[in-house]
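In this note's numbering, the protein residues as written are 392 to 514.
Ideal Cβ placement from N, Cα and C applies to all residues, glycine included.
Report on the structure given below.
Set out below in C-alpha coordinates:
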(Lines of atoms letter the chains of each structure in order from A and count residues from 1; the text may use other names and numbers.)
(Lines give C-alpha, C1' and ligand atoms only; values in the text may rest on other atoms or scores of the structure.)
Protein backbone atom coordinates (compact mmCIF):
# COMPACT_ATOMS: atom_id res chain seq x y z
CA UNK A 1 0.00 0.00 0.00
CA UNK A 2 1.24 3.46 -0.86
CA UNK A 3 1.33 6.59 1.22
CA UNK A 4 -1.91 7.92 -0.24
CA UNK A 5 -3.75 4.68 0.65
CA UNK A 6 -3.49 5.71 4.31
CA UNK A 7 -5.67 8.76 3.57
CA UNK A 8 -8.47 6.83 1.86
CA UNK A 9 -11.82 7.20 3.56
CA UNK A 10 -13.37 4.24 1.70
CA UNK A 11 -12.12 0.73 0.92
CA UNK A 12 -14.02 -2.06 -0.79
CA UNK A 13 -12.69 -5.54 -1.46
CA UNK A 14 -13.39 -7.33 -4.73
CA UNK A 15 -12.07 -10.15 -6.92
CA UNK A 16 -9.79 -7.95 -8.99
CA UNK A 17 -8.55 -5.33 -6.52
CA UNK A 18 -5.05 -4.02 -7.44
CA UNK A 19 -3.88 -4.86 -3.91
CA UNK A 20 -4.00 -8.63 -3.37
CA UNK A 21 -4.56 -8.10 0.37
CA UNK A 22 -7.90 -6.47 -0.52
CA UNK A 23 -9.20 -9.19 -2.84
CA UNK A 24 -12.28 -11.25 -2.01
CA UNK A 25 -11.58 -14.36 0.03
CA UNK A 26 -13.42 -17.66 -0.48
CA UNK A 27 -13.65 -20.12 2.40
CA UNK A 28 -14.76 -23.74 2.74
CA UNK A 29 -17.53 -23.04 5.26
CA UNK A 30 -21.22 -22.26 5.39
CA UNK A 31 -22.27 -18.60 5.30
CA UNK A 32 -23.94 -18.97 8.72
CA UNK A 33 -20.77 -20.40 10.29
CA UNK A 34 -18.68 -17.52 8.91
CA UNK A 35 -21.29 -14.91 9.91
CA UNK A 36 -21.56 -16.21 13.48
CA UNK A 37 -17.81 -16.55 13.96
CA UNK A 38 -17.05 -13.14 12.44
CA UNK A 39 -19.67 -11.48 14.65
CA UNK A 40 -18.04 -12.99 17.75
CA UNK A 41 -14.58 -11.97 16.51
CA UNK A 42 -15.72 -8.37 15.98
CA UNK A 43 -17.05 -8.19 19.54
CA UNK A 44 -13.79 -9.67 20.88
CA UNK A 45 -11.88 -6.86 19.12
CA UNK A 46 -13.93 -4.30 21.07
CA UNK A 47 -15.98 -3.19 18.07
CA UNK A 48 -19.76 -2.95 17.87
CA UNK A 49 -22.00 -5.18 15.76
CA UNK A 50 -24.80 -2.90 14.59
CA UNK A 51 -26.86 -5.28 12.46
CA UNK A 52 -26.86 -8.87 11.26
CA UNK A 53 -29.03 -9.87 8.31
CA UNK A 54 -28.45 -13.58 7.74
CA UNK A 55 -30.83 -13.68 4.74
CA UNK A 56 -28.81 -11.04 2.88
CA UNK A 57 -25.49 -12.26 4.29
CA UNK A 58 -24.67 -8.86 5.78
CA UNK A 59 -22.95 -7.91 8.99
CA UNK A 60 -22.71 -4.18 9.79
CA UNK A 61 -20.23 -3.14 12.46
CA UNK A 62 -18.14 -0.18 13.54
CA UNK A 63 -15.08 0.86 15.46
CA UNK A 64 -13.77 4.19 16.64
CA UNK A 65 -14.08 6.61 13.71
CA UNK A 66 -15.06 4.04 11.07
CA UNK A 67 -17.86 1.70 10.02
CA UNK A 68 -17.96 -1.44 7.93
CA UNK A 69 -20.18 -3.91 6.16
CA UNK A 70 -19.13 -7.52 5.67
CA UNK A 71 -20.94 -9.40 2.91
CA UNK A 72 -20.92 -13.17 3.26
CA UNK A 73 -22.52 -15.29 0.53
CA UNK A 74 -22.29 -18.86 -0.70
CA UNK A 75 -21.19 -18.83 -4.33
CA UNK A 76 -21.05 -22.53 -5.14
CA UNK A 77 -20.81 -25.91 -3.47
CA UNK A 78 -18.86 -25.37 -0.29
CA UNK A 79 -17.34 -21.95 -1.11
CA UNK A 80 -18.40 -18.84 0.76
CA UNK A 81 -17.24 -15.41 -0.39
CA UNK A 82 -16.37 -12.72 2.16
CA UNK A 83 -16.07 -9.06 1.14
CA UNK A 84 -15.68 -5.89 3.19
CA UNK A 85 -16.72 -2.30 2.60
CA UNK A 86 -15.20 0.13 5.10
CA UNK A 87 -15.63 3.88 5.54
CA UNK A 88 -13.77 6.29 7.76
CA UNK A 89 -15.35 9.53 8.98
CA UNK A 90 -12.31 11.71 8.24
CA UNK A 91 -9.04 11.60 6.33
CA UNK A 92 -7.13 11.28 9.60
CA UNK A 93 -7.74 8.07 11.51
CA UNK A 94 -7.06 4.35 11.40
CA UNK A 95 -5.71 2.90 8.15
CA UNK A 96 -8.57 0.84 6.73
CA UNK A 97 -6.44 -1.62 4.72
CA UNK A 98 -4.83 -3.27 7.76
CA UNK A 99 -8.26 -3.60 9.40
CA UNK A 100 -9.47 -5.67 6.44
CA UNK A 101 -6.25 -7.69 6.43
CA UNK A 102 -6.64 -8.45 10.14
CA UNK A 103 -10.11 -9.89 9.62
CA UNK A 104 -9.07 -11.91 6.56
CA UNK A 105 -6.09 -13.36 8.46
CA UNK A 106 -8.33 -14.33 11.39
CA UNK A 107 -10.81 -15.99 9.01
CA UNK A 108 -7.96 -17.89 7.34
CA UNK A 109 -6.93 -19.26 10.75
CA UNK A 110 -10.45 -20.51 11.42
CA UNK A 111 -11.72 -21.71 8.01
CA UNK A 112 -9.95 -23.41 5.08
CA UNK A 113 -9.12 -20.83 2.40
CA UNK A 114 -10.15 -21.87 -1.13
CA UNK A 115 -9.40 -18.80 -3.25
CA UNK A 116 -8.17 -15.21 -3.21
CA UNK A 117 -9.91 -13.19 -5.90
CA UNK A 118 -9.97 -15.35 -9.03
CA UNK A 119 -6.99 -17.47 -7.97
CA UNK A 120 -7.54 -20.88 -6.38
CA UNK A 121 -5.37 -21.58 -3.35
CA UNK A 122 -3.75 -25.00 -3.19
CA UNK A 123 -3.28 -26.31 0.32
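> Fully enclosed by the segment 427–489, which beta strand (DSSP E) runs are 3 residues long or longer?
Replying inline: Correct list: 439–444, 449–454, 457–467 and 470–479.
> Between residue 419 and residue 486, what straight-line distance do the alpha-carbon atoms span, to the nearest angstrom?
Replying inline: The alpha-carbon atoms of residue 419 and residue 486 are separated by roughly 29 angstroms.
>> Which residue wins for smallest C-alpha separation from residue 494, given the options 474, 505 and 409?
In response: Of 474, 505 and 409, the smallest CA-CA separation from residue 494 is found for 474.
> Are the CB atoms of residue 442 and residue 457 nearer to each other than 8 angstroms?
Replying inline: Result no, Cβ atoms of residue 442 and residue 457 do not sit closer than 8 angstroms.
> Thinking C-alpha only, which one of 444, 476 and 483 is nearest residue 408?
Replying inline: Of the candidates 444, 476 and 483, the one whose C-alpha sits nearest the C-alpha of residue 408 is 476.
> What is the residue span of the beta strand (DSSP E) that residue 506 lies within?
Replying inline: Taken as a continuous stretch (DSSP letters only), the beta strand (DSSP E) holding residue 506 covers 504–507.
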